[in-house]
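Remarks on the structure that follows.
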Amino acid sequence: MGRPAPVLALTLALFSLMAPATAGAARLDDGGAELDVKTGQIRIAWRSWSRETFELATGLRRPVMLYLRAVDCRLCLVMEESVLARASVVRNVARWFVPVAVDADLRPDLAARYVVGTVPTLIFLLPNGEPIYEVGDASSLERVGGYFTSADGLNGYMRQVVTYFDVHGQDLARKAREVGELEQKLGEYDPGPVPVGQLEELIARTREGLDFTHGGYGRGWKFIEDDSVRLFRILAGESDQPALRRAVAATAGGMLAGSIHDKVDGGFHHFATTREWGVPALEKRLLENGRALRLLTSAAMLAPDDETIRAGLRDTARFLLAVLAREDGTLAFSQQGSLGGDDPGTYFQSDEEGRESLRPPSLVIRPLGEALAMAAMGLMEAGALLEDDKLEESGLAAVDSIVRHLYTRGRGVARYLDESGTPRLRGILADQVAVLEALLMAFQVRGLPGDLERALDIHAFCRANLRRPAGLFVDRVSNAEAVGKMRRPRIHRGLNSRLALASFRLASLTTTPAWRLVGEQILGALRRTIPLMSGAHAAPYTEAVLAASLPPVRAVLPADAGRALRRAALLLPAAGSVVILRGGPQPGSAPPAAGAMICVGERCVGPVVDPGALAAALREARQPPPPPGG
Numbered sequence: 024m025g026r027p028a029p030v031l032a033l034t035l036a037l038f039s040l041m042a043p044a045t046a047g048a049a050r051l052d053d054g055g056a057e058l059d060v061k062t063g064q065i066r067i068a069w070r071s072w073s074r075e076t077f078e079l080a081t082g083l084r085r086p087v088m089l090y091l092r093a094v095d096c097r098l099c100l101v102m103e104e105s106v107l108a109r110a111s112v113v114r115n116v117a118r119w120f121v122p123v124a125v126d127a128d129l130r131p132d133l134a135a136r137y138v139v140g141t142v143p144t145l146i147f148l149l150p151n152g153e154p155i156y157e158v159g160d161a162s163s164l165e166r167v168g169g170y171f172t173s174a175d176g177l178n179g180y181m182r183q184v185v186t187y188f189d190v191h192g193q194d195l196a197r198k199a200r201e202v203g204e205l206e207q208k209l210g211e212y213d214p215g216p217v218p219v220g221q222l223e224e225l226i227a228r229t230r231e232g233l234d235f236t237h238g239g240y241g242r243g244w245k246f247i248e249d250d251s252v253r254l255f256r257i258l259a260g261e262s263d264q265p266a267l268r269r270a271v272a273a274t275a276g277g278m279l280a281g282s283i284h285d286k287v288d289g290g291f292h293h294f295a296t297t298r299e300w301g302v303p304a305l306e307k308r309l310l311e312n313g314r315a316l317r318l319l320t321s322a323a324m325l326a327p328d329d330e331t332i333r334a335g336l337r338d339t340a341r342f343l344l345a346v347l348a349r350e351d352g353t354l355a356f357s358q359q360g361s362l363g364g365d366d367p368g369t370y371f372q373s374d375e376e377g378r379e380s381l382r383p384p385s386l387v388i389r390p391l392g393e394a395l396a397m398a399a400m401g402l403m404e405a406g407a408l409l410e411d412d413k414l415e416e417s418g419l420a421a422v423d424s425i426v427r428h429l430y431t432r433g434r435g436v437a438r439y440l441d442e443s444g445t446p447r448l449r450g451i452l453a454d455q456v457a458v459l460e461a462l463l464m465a466f467q468v469r470g471l472p473g474d475l476e477r478a479l480d481i482h483a484f485c486r487a488n489l490r491r492p493a494g495l496f497v498d499r500v501s502n503a504e505a506v507g508k509m510r511r512p513r514i515h516r517g518l519n520s521r522l523a524l525a526s527f528r529l530a531s532l533t534t535t536p537a538w539r540l541v542g543e544q545i546l547g548a549l550r551r552t553i554p555l556m557s558g559a560h561a562a563p564y565t566e567a568v569l570a571a572s573l574p575p576v577r578a579v580l581p582a583d584a585g586r587a588l589r590r591a592a593l594l595l596p597a598a599g600s601v602v603i604l605r606g607g608p609q610p611g612s613a614p615p616a617a618g619a620m621i622c623v624g625e626r627c628v629g630p631v632v633d634p635g636a637l638a639a640a641l642r643e644a645r646q647p648p649p650p651p652g653g
């Protein structure tokens, strides 16, 4: 492995192309460009997403050019240096548009409403913040924008957009209103029962698009999808599922064999652009590596004799602890694919010997709630499977760092820390759900009441602030930012499904039926979207419906249970299962004298002292009880 990665606390302000007007820059004309007084160069004067920005666009009668980017993105830097920095582009942007730049990782709610595909993306909007849609086909929802590789190409496209805006202004406004009304109607959900009768259909939907040759889904770009692999592990644990086992083996094997996997330093790049998990986006992100840990843990459980999967799991954990881990228990956001060190393409394509003479790509240091929580869960699960105390302790330390830096009682979880160390952007559903899940897992690992108390507090914050009338949950957007599509919050099916599953776990851990009702209301409200679910995107909902269709599963262990037994209980192949420490199978009863009681609803089997026998005990507990006297 090469020398330690240099640390850069990167934000948009570090990129001159993205910097807002400062004491070292003077805005020109109507503010679409600015002069860098140090270099003498003009550059795009990017504005923030705010009501004031769109009021300016309305007053100037100009479209808005929205640039969605990521701080560690190599393609973003390429477009900024080779296209957006060109004087002709800067002049045309300043002449024709009001430019707005948004970090898609700091504003996932906004990115989810506007981005098509991945970043970097330029999207052209009306002055009121609604997308400019193609108007030739009345049924088309094609948005105007994209990724550009040349200044000439972007200049020509911008000229067409401006002409299009001038000629079709009224039609564009009408089309935007029609789409908005359609989105408003689609966003109205009705309460209903949990669709347990459609469980087989849902399982079939998660199998749609599986690539049994190379793993993952589809024949194009490949992403690390841990939800579906975890679901397949649960289903294969309940009955013989050779097809699902093949899909999991192909996914784990394809990921580890492809160039998305860094075989020298360990860990995975952001995503792959070929069916064979090749030609990756070079940044190595905490969120995706946390998902990879969870995926490989599930895969290793289905193939306990496959040392390749276990080795890949250890290497991924090594990357997190050796490269991304910080002294305060947090983990860096990513090892980037754009700036710092030597060229990332050269570094990552070099073998171990070649890397010794190169500086590793820099780290982006900014704790994000969702990413830290996913990594924490991945480390705890990997530690349980590999029986590695250090991984388990590192996962717990990551949970504690979230509590220190991003969580505030009664106010939920912040998205990130700004440059001054102040928590920012509370109310993003992804952060609340992921941290809630991580706290529940930490409580099951170490049994500290504070973990459960904080989980309950975040659940209460979501119910009070993010819940809609039908029982579904959305991101909370401030009134100052509720412009365009942001006035219509997105219903994220996957996050709502995960919140439903977390609610079921809360009900089991606290013996409070009200929390189970919250989960059932979510699943009932989402039932009409089942026809829209497919592949990996159907997995979270399917797992939650599976958990709702069965009696709750609890592994009840005495306070002095050994780590091996507790770890095996944590990884039980059952949807929504929980580990309860210091208690009996029913509230108020004495803890087992030894071993674990495996309870499915009211039926309990045990005590079980052999960790390897817990899965068999689970199968026994699921069987109908023998008749009296039988």
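Residue numbers (our numbering): 24 to 653.
Glycine included, C-beta positions come from ideal geometry on N, C-alpha and C.
Compute the beta-carbon to beta-carbon distance between residue 283 and residue 295, rounded to the nearest angstrom, for a pair I have assumed lies under 8 Å.
On the sequence shown, residue 283 is found 260 positions in, with the first residue counted as 1. On the sequence shown, residue 295 is found 272 positions in, with the first residue counted as 1. The C-beta separation of residue 283 from residue 295 comes to about 4 Å, placing the pair in contact by the 8 Å criterion.
Buried/exposed call for residue 467, threshold 16 Cβ in 10 Å
Here the question's residue 467 lines up with position 444 in the sequence shown. Residue 467 comes out buried.
Any idea if residue 506 is buried or exposed, counting beta-carbon neighbours within 10 angstroms, 16 or more meaning buried?
Indexing the sequence shown from 1 puts residue 506 at position 483. For residue 506, the number of other beta carbons within 10 angstroms of its own is at least 16, and it is reported as buried.
Hey, quick one: how far does the beta strand (DSSP E) through residue 620 stretch, first residue to last?
Within the sequence shown, numbered from 1, the residue matching residue 620 stands at position 597. Following the DSSP letters along the chain, one finds residue 620 inside the beta strand (DSSP E) bounded by residues 619 to 623.
Given 8 Å as the limit, is there contact between the region 547 to 559 and the region 225 to 238, that is, 3 or more CB pairs closer than that?
Enough Cβ pairs lie closer than 8 Å, so yes.
Which of helix, strand or coil DSSP assigns to residue 229:
Working through the sequence shown from its first residue, we reach residue 229 at position 206. Here residue 229 sits in helix by DSSP.
Expressed to the nearest angstrom, what Euclidean distance is found between the alpha-carbon atoms of residue 223 and residue 196?
Within the sequence shown, residue 223 is the residue found at index 200, counting from 1. Within the sequence shown, residue 196 is the residue found at index 173, counting from 1. If you draw a straight line from the Cα of residue 223 to the Cα of residue 196, it comes to about 43 Å.
Going by CA-CA distance only, name the one from 152, 134, 102 and 200 that's closest to residue 656.
The question about residue 656 has no answer here: the residues shown for the chain are numbered 24 through 653.
Taking the DSSP output, what are the residues bridged to residue 291?
Here residue 291 refers to the residue found at position 268 of the sequence shown. In DSSP, residue 291 forms a bridge with 284.
Enumerate in chain order the residues of its own chain whose CB-to-CB distance from residue 394 is below 6 Å, with the five nearest sequence positions on each side excluded.
As a first step, residue 394 must be located in the sequence shown, where it is residue number 371. Excluding sequence neighbours, residue 394 sits near 309 and 310.
Who are the Cβ neighbours of residue 547 in its own chain at under 6 Å, not counting the five residues just before and after it?
Taking the sequence shown and counting its residues from 1, one reaches residue 547 at position 524. 214, 215, 216 and 217.
Kindly indicate which three-state DSSP category residue 240 falls into: helix, strand or coil?
In the sequence shown, the residue the question calls residue 240 occupies position 217. In the structure shown, residue 240 sits in a strand (DSSP, three-state: E or B).
Give the DSSP-derived three-state secondary structure of residue 99 in the structure shown.
Here residue 99 corresponds to residue number 76 of the sequence shown, with the count starting at 1. Note: residue 99 maps to helix in three-state DSSP.
Mapping DSSP to helix, strand and coil, what is residue 126?
The residue given as residue 126 occupies position 103 in the sequence shown. Residue 126: strand per DSSP, three-state reduction.
Could you say which of 306, 517, 400 and 337 lies nearest to residue 98 if we only look at CA atoms?
For the purposes of this step, residue 98 is taken as the residue at position 75 of the sequence shown. From the listed residues 306, 517, 400 and 337, the smallest Cα separation to residue 98 is found for 306.
Taking the alpha carbon of residue 83 as the point to measure from, which residue in 57, 107 and 117 has its own alpha carbon closest?
Residue 83 sits at position 60 when you count from the first residue of the sequence shown. For residue 83, the nearest C-alpha among the options comes from 117.
Which residue wins for smallest C-alpha separation from residue 88, given the options 106, 136, 184 and 172?
Here residue 88 refers to the residue found at position 65 when the sequence shown is read from its first residue. Per the Cα distances, 184.
Output yes or no for whether 7 Å exceeds the beta carbon distance between residue 154 and residue 148.
Numbered from 1 along the sequence shown, position 131 holds the residue referred to as residue 154. Numbered from 1 along the sequence shown, position 125 holds the residue referred to as residue 148. Going by C-beta atoms, residue 154 is nearer than 7 Å to residue 148.
Inspect the beta-carbon positions of residue 447 and residue 435 and report whether they are closer than 7 Å.
The residue given as residue 447 occupies position 424 in the sequence shown. The residue given as residue 435 occupies position 412 in the sequence shown. Between residue 447 and residue 435, the CB-CB gap reaches or exceeds 7 Å.
Expressed to the nearest angstrom, what Euclidean distance is found between the alpha-carbon atoms of residue 570 and residue 271?
By one-based count along the sequence shown, residue 570 stands at place 547. By one-based count along the sequence shown, residue 271 stands at place 248. If I take the Cα positions, the gap works out to 21 Å.
Who are the near neighbours of residue 290 in its chain, counting only those whose CB is closer than 6 Å to its CB and skipping five residues on each side?
Against the sequence shown, residue 290 aligns to sequence position 267. Same-chain partners within the cutoff: 307, 312, 339 and 342.
Going by Cα to Cα distance, which pick from 128, 156, 169 and 211 is closest to residue 194?
On the sequence shown, position 171 is the one that residue 194 refers to. Ranking 128, 156, 169 and 211 by CA distance to the CA of residue 194 puts 156 first.
With distances taken Cα to Cα, identify the nearest neighbour of residue 94 among 381, 181, 177 and 386.
Within the sequence shown, residue 94 is the residue found at index 71, counting from 1. Looking at the Cα atoms, 386 is the closest of the given residues.
Collapsed DSSP secondary structure at residue 256 in the structure displayed
Position 233 of the sequence shown holds residue 256. Reduced to three states, the DSSP call for residue 256 is helix.
Anticipated Cβ contact below 8 Å, residue 335 with residue 354, distance rounded:
As a first step, residue 335 is located in the sequence shown; it is residue number 312 there, counting from the start. As a first step, residue 354 is located in the sequence shown; it is residue number 331 there, counting from the start. About 19 Å; that fails the 8 Å criterion.
Would the beta-carbon of residue 177 fall within 7 Å of that of residue 123?
As a first step, residue 177 must be located in the sequence shown, where it is residue number 154. As a first step, residue 123 must be located in the sequence shown, where it is residue number 100. Going by C-beta atoms, residue 177 is not nearer than 7 Å to residue 123.
The beta strand (DSSP E) that contains residue 181, what's its start and end?
Along the sequence shown, one-based indexing puts residue 181 at 158. Counting along the chain, residue 181 falls outside any beta strand (DSSP E), though it belongs to the alpha helix (DSSP H) covering 174 to 190.
Indicate the three-state DSSP secondary structure (helix, strand or coil) for residue 367 in the structure shown.
On the sequence shown, residue 367 is found 344 positions in, with the first residue counted as 1. DSSP places residue 367 in helix when its eight states are reduced to three.
Can you tell me whether residue 608 is helix, strand or coil according to DSSP?
Locating residue 608 in the sequence shown gives position 585, where the first residue counts as 1. A caution first: residue 608 carries a pLDDT of 45, below 50, which makes its placement in the model unreliable, though a value can still be read off. In the structure shown, residue 608 sits in coil (DSSP, three-state: anything other than H, G, I, E or B).
At 4 residues or longer, what runs of the alpha helix (DSSP H) sit wholly inside the region 130 to 157?
Whole alpha helix (DSSP H) segments, 4+ residues: 131 to 137.
Distance, Cα to Cα, residue 603 vs residue 72?
As a first step, residue 603 is located in the sequence shown; it is residue number 580 there, counting from the start. As a first step, residue 72 is located in the sequence shown; it is residue number 49 there, counting from the start. Near 46 Å, if we compare the C-alpha coordinates of residue 72 and residue 603.
Three-pair Cβ contact test at 8 Å for the region 366 to 384 versus the region 424 to 444:
With the cut-off at 8 Å, the region 366 to 384 and the region 424 to 444 do not touch.
Applying the criterion that 16 or more other CB atoms from any shown protein chain within 10 Å of the CB defines a buried residue, is residue 249 buried or exposed?
Position 226 of the sequence shown holds residue 249. Residue 249 comes out buried.
Please work out which residues of its chain come closer than 6 Å, Cβ to Cβ, to residue 538, disregarding the five sequence neighbours upstream and downstream, and give them in chain order.
As a working note, residue 538 is residue 515 in the sequence shown. Excluding the 5 residues flanking it on each side, residue 538 has same chain C-beta neighbours closer than 6 Å at 526, 529 and 530, in chain order.
Judging by CA-CA distance, which residue of 292, 443, 599 and 298 is the nearest neighbour of residue 274?
Along the sequence shown, one-based indexing puts residue 274 at 251. Sorting 292, 443, 599 and 298 by C-alpha distance to the C-alpha of residue 274 places 298 at the top.
Residue 133 beta carbon less than 7 Å from that of residue 142:
Here residue 142 refers to the residue found at position 119 when the sequence shown is read from its first residue. Here residue 133 refers to the residue found at position 110 when the sequence shown is read from its first residue. No. Outside cutoff.
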